[in-house]
Amino acid sequence: MRPTKGVHLVVDGSRLPVPQPTYMDTGLNDGRMFFVVPREGKTYFGTTDTDYTGDYEHPRVEQEDVDYLLKVVNKRFPESHMTIDDIEASWAGLRPLINDNGSSDYNGGGANSGKVSDDSFAALIEVVNAYEDDQATRADVERAISKLETAHAEAGLSPSQVSRGSSLDQATDGLITLSGGKITDYRKMAAGALALIRRILVDRFNVDAPAVDSKKLQVSGGHFDPTNVEETMAFYIRIGVDAGLSEKEAQDLANRFGSNTSRVLTYAVDGPAPGLSLKETMSLRYSLNEEMTLTPVDYLLRRTNALLFHAETLAELKQPVVDEMAQTLGWDDSVKAQQLAALNAAIADSQLAYLKTAPAPVHPE
């Protein structure tokens, strides 16, 4: 396994206005690509690709990550004059790459080092054109970007050249290990693992477990006609307004919860929690009671993305969120203090407080 770290930075949309997801080379002649994506009034850009040997549970954005991404964004958008002070939020993640997976034809194995394959390039252009014609969504574009295939030789590779292919192995004791790959390939990887498991069940236990086509299973919040999304969303926005929300608030809830919006709106019955709007109260109470949310970090980072894309709201939100969670989950003052401290630490990390307050590095002449 060869973990590599990827970093993304978030700025206000006014500092880096782009009408749609944009994908380009870095302009630094380093064989890497760079993307800029608008989302919820913000713009995020990335990513880095560096070998990582630190704490796997808490990868951190370092100064060199910020320096690299700012160098790229200012190279490609010279009028932006972006600095670290423009960064509102950030995140870092790890790629579980396999160092000796050169035979994979998914972003690895071949001689065209540093180049995008013709098929991948054509697929990307096709989905971007469809997006411009309102025939594809931003998510479709992001997916196409993530799935770009590149061909590299494996020996002596930089982190960006290591294969993104996955590996499925069964040990002599029966243990099945699925490793490597990319999050955008999770369905393909899972299908391969389940096919192996079904084969083992037949061969060793004479059990024929029927396959399920999960592409046709509707996920939570997705129980509506996929060919009639606009009308469905308009309905949920309308009932949100009827429940006392502004149209913008109702739209936010409908986009977040989909067909679960009706259930979310039932949490309006007791009115807003102290310090929270009715919209935030319904969202939080639903998340606590029906989505198994257990910590403020979980709610503000994973359930709502407020920590990443609405950083300006956190100062007002964090204490009321902790108070309402304490009321629902029965926390005493000690637990409340611990949860607030953990939330403050997560916010500080995301906002790069440890870098923004550090003395500027001294570079010798």
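Just so we're aligned, residue 1 is where the sequence shown starts under the UniProt record's numbering, counting upward by one. Where a beta carbon is used, it is the ideal one built from N, C-alpha and C, also for glycine.
Coarse secondary structure for residue i, derived from DSSP in three states
i           : result
Y106        : Annotation note: pLDDT 31 at Y106 (below 50); position unreliable, no value reported.
F235        : helix
T172        : coil
D30         : coil
L196        : helix
D332        : coil
G240        : helix
S350        : helix
T83         : coil
V128        : helix
D55         : coil
R60         : coil
T291        : In the sequence under discussion, the amino acid at residue 291 is Glu, which differs from the Thr named in the question. E291 falls in the coil class under three-state DSSP.
F205        : helix
L276        : coil
V72         : helix
S283        : helix
S113        : In this prediction, S113 scores a pLDDT of 44, lower than 50, which makes its location untrustworthy; the coordinate-derived value is nonetheless stated afterwards. DSSP places S113 in coil when its eight states are reduced to three.
V297        : helix
D323        : helix
Q338        : helix
T266        : helix
S220        : coil
F77         : coil
residue 454 : Since the displayed the chain opens at 1 and closes at 365, residue 454 lies outside it and no answer follows.
Spatially closest choice to residue i from the options, by CA coordinates
i    : options                : result
V10  : D86, E126, Q20, E280   : D86
P320 : L278, T137, E290, R302 : L278
Q218 : G240, N260, R238       : N260
G180 : A190, G31, F45, T47    : A190
E64  : F77, Y56, T47, E57     : T47
V37  : E324, G27, E132, A139  : A139
G192 : L168, D213, N206, G174 : L168
F77  : I98, L329, P210, R15   : R15
I145 : P59, D134, Q135, E126  : E126
T22  : E132, D118, Y52, R2    : E132
P19  : V128, L329, S90, I84   : V128
L175 : D12, K188, I197, K182  : I197
F35  : L317, L70, A209, L314  : L70
E247 : R256, G258, F257, A234 : A234
H58  : G27, D25, S80, L94     : L94
N29  : T53, Y68, R60, D12     : Y68
G54  : H81, G27, R2, K75      : R2
Residue i classed as buried or exposed, judged by whether at least 16 other C-beta atoms fall within 10 angstroms
i    : result
T137 : exposed
A346 : buried
G240 : buried
V73  : buried
K215 : exposed
S166 : buried
E249 : buried
V202 : exposed
V7   : buried
A92  : buried
Y56  : exposed
T304 : buried
I98  : buried
F257 : buried
D252 : buried
V141 : buried
Near the ligand ZN: residue i beta-carbon under 6 Å from a heavy atom
i   : result
N99 : Summarising the ligand content, the structure contains no ligands, and the ligand ZN is consequently not present.
Contact under 7 Å by Cβ, residue i with residue j
i    : j    : result
Q339 : P272 : no
T50  : K5   : yes
Y267 : A254 : no
A243 : L265 : yes
S350 : L284 : no
T281 : S287 : no
A326 : K336 : yes
A311 : E88  : yes
L352 : S90  : yes
I84  : V61  : no
K75  : G31  : no
In DSSP terms, what residue i is bridged to
i           : result
K5          : T50, L94
D12         : K42
residue 370 : Outside the displayed span of the chain (1 to 365) sits residue 370, for which this structure offers no information.
Y23         : F35
T177        : D169
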